[in-house]
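Participant: Could you have a look at this structure, given as structure tokens, before my questions?
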Amino acid sequence: MSDPVFEVRRSDRAGQGVFALRALARGEPVIELTGERLPPGRVGPEHFAVKIDDDLWLCSAGGRTDDYLNHSCRPNLGFTKGDLWLYALRDIAPGEELTFDYATAMCDVDDWNFACACGASDCRRLIGGFDRLPPRHQRRLRPWALAYIRRRFNTRRLAP
Ligand SMILES: [Zn+2]
Numbered sequence: 001m002s003d004p005v006f007e008v009r010r011s012d013r014a015g016q017g018v019f020a021l022r023a024l025a026r027g028e029p030v031i032e033l034t035g036e037r038l039p040p041g042r043v044g045p046e047h048f049a050v051k052i053d054d055d056l057w058l059c060s061a062g063g064r065t066d067d068y069l070n071h072s073c074r075p076n077l078g079f080t081k082g083d084l085w086l087y088a089l090r091d092i093a094p095g096e097e098l099t100f101d102y103a104t105a106m107c108d109v110d111d112w113n114f115a116c117a118c119g120a121s122d123c124r125r126l127i128g129g130f131d132r133l134p135p136r137h138q139r140r141l142r143p144w145a146l147a148y149i150r151r152r153f154n155t156r157r158l159a160p
């Protein structure tokens, strides 16, 4: 068995979080989002749910490590290849909390938002879907977003 790469434990950020147990190198695949693929009509309040395509959600009843990944406005993980794997966006030290920007996985979800206090100097405070972001944030975050979001927000549309 290989050494564990991360663990779930209490986070100052929000309840519990996922923390690196060893150094991670920039570009390294770190963790894959997992769960059951369900159409929107079958997503319930009991689910940890992430939108992964037009009309498709990834749902978990809880207890999976990736369910505990917190949002940050200055994340250290991103969907670099557009699939469900999160890659290290920079070198990460042992003990650092692993985070991604939830807006890179949520788009065109009515009324989805939450208040953020991630502590980043450029924290957006109110986090909504990718479609609600100002264009400068869309340009910055698009390379870390899931493929369906990149398709919808092509570079031509994002040109200044
Ligand atoms: Zn924030």
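Following our numbering, the numbering of the sequence shown begins with 1 at its first residue and continues without gaps.
Here a beta-carbon is modelled for each residue, glycine too, at the ideal position from N, C-alpha and C.
1) Tell me whether the beta-carbon of ALA120 lies closer than 9 Å to the beta-carbon of ARG74.
2) Given a threshold of 16 other Cβ atoms within 10 Å of its Cβ, counted over all protein chains shown, does LEU141 qualify as buried or as exposed?
3) For THR34, does the count of other Cβ atoms within 10 angstroms reach 16, so buried, or fall short, so exposed?
4) Decide yes or no for the touch test of the region 47 to 56 against the region 16 to 24: beta carbon pairs closer than 8 Å, at least 3 of them.
5) With a threshold of 8 Å (Cβ to nearest heavy atom), would GLY119 be considered close to ligand 1?
6) Identify, in the order they occur along the chain, each residue of the same chain with its Cβ nearer than 8 Å to the Cβ of PRO39, setting aside the five sequence neighbours on each side.
7) Is ARG132 closer than 9 Å to ASN113 when the C-beta atoms are compared?
8) Buried or exposed: which applies to ASP181, given that a residue is buried once 16 or more other Cβ atoms fall within 10 Å of its Cβ?
9) Per DSSP, TRP85 is paired with what?
10) In the DSSP assignment, what residue or residues form a beta bridge with HIS71?
11) Assign ASN154 to one of two classes, buried (16 or more other C-beta atoms within 10 Å of its C-beta) or exposed (fewer than that).
12) Using a threshold of 8 Å, is the CB atom of SER11 nearer than that to any non-hydrogen atom of ligand 1?
13) Return helix, strand or coil for ARG124, following the three-state DSSP convention.
14) Quick check: what's the CA-CA separation for TYR68 versus ILE31?
15) When the Cα atoms are used, what is the spatial distance from ARG125 to ALA115?
Facilitator: Reading it off the structure:
1) Taking the sequence shown and counting its residues from 1, the one referred to as residue 120 is at position 120. Taking the sequence shown and counting its residues from 1, the one referred to as residue 74 is at position 74. The answer is yes: Cβ separation under 9 Å.
2) As a first step, residue 141 is located in the sequence shown; it is residue number 141 there, counting from the start. By the 10 Å Cβ count, LEU141 comes out buried.
3) In the sequence shown, counting from the first residue as 1, residue 34 sits at position 34. Looking at its Cβ environment, which holds fewer than 16 other Cβ atoms inside 10 Å, THR34 is exposed.
4) Touching, no.
5) Taking the first residue of the sequence shown as 1, we reach residue 119 at position 119. Correct: GLY119 has its Cβ closer than 8 Å to ligand 1.
6) As a working mapping, residue 39 is identified with position 39 in the sequence shown. Taking C-beta separations shorter than 8 Å and ignoring five residues to either side along the sequence, the partners of PRO39 in its chain run ASP55, LEU56 and TRP57, following chain order.
7) Position 113 of the sequence shown holds residue 113. Position 132 of the sequence shown holds residue 132. Pairing ASN113 with ARG132 gives a Cβ-Cβ distance under 9 Å.
8) What the structure shows of the chain is the stretch from 1 to 160, and residue 181 is not part of that stretch, so it cannot be assessed.
9) Here residue 85 is taken as the residue at index 85 of the sequence shown, counted from 1. Paired residues: GLU32.
10) Here residue 71 refers to the residue found at position 71 of the sequence shown. Beta-bridge analysis with DSSP links HIS71 to PHE100.
11) Position 154 of the sequence shown, counting from 1, holds the residue named residue 154. The residue is exposed, with fewer than 16 neighbouring Cβ atoms inside 10 Å.
12) Position 11 of the sequence shown, counted from the start, is the residue given in the question as residue 11. Checking every heavy atom of ligand 1 against the Cβ of SER11, none is found closer than 8 Å.
13) Within the sequence shown, numbered from 1, the residue matching residue 124 stands at position 124. Residue state, collapsed to three classes: coil.
14) For this step, residue 68 is matched to residue 68 along the sequence shown. For this step, residue 31 is matched to residue 31 along the sequence shown. Roughly 12 Å between the two C-alpha positions.
15) Locating residue 125 in the sequence shown gives position 125, counting from the first residue. Locating residue 115 in the sequence shown gives position 115, counting from the first residue. ALA115 has its alpha-carbon roughly 6 Å from the corresponding atom of ARG125.
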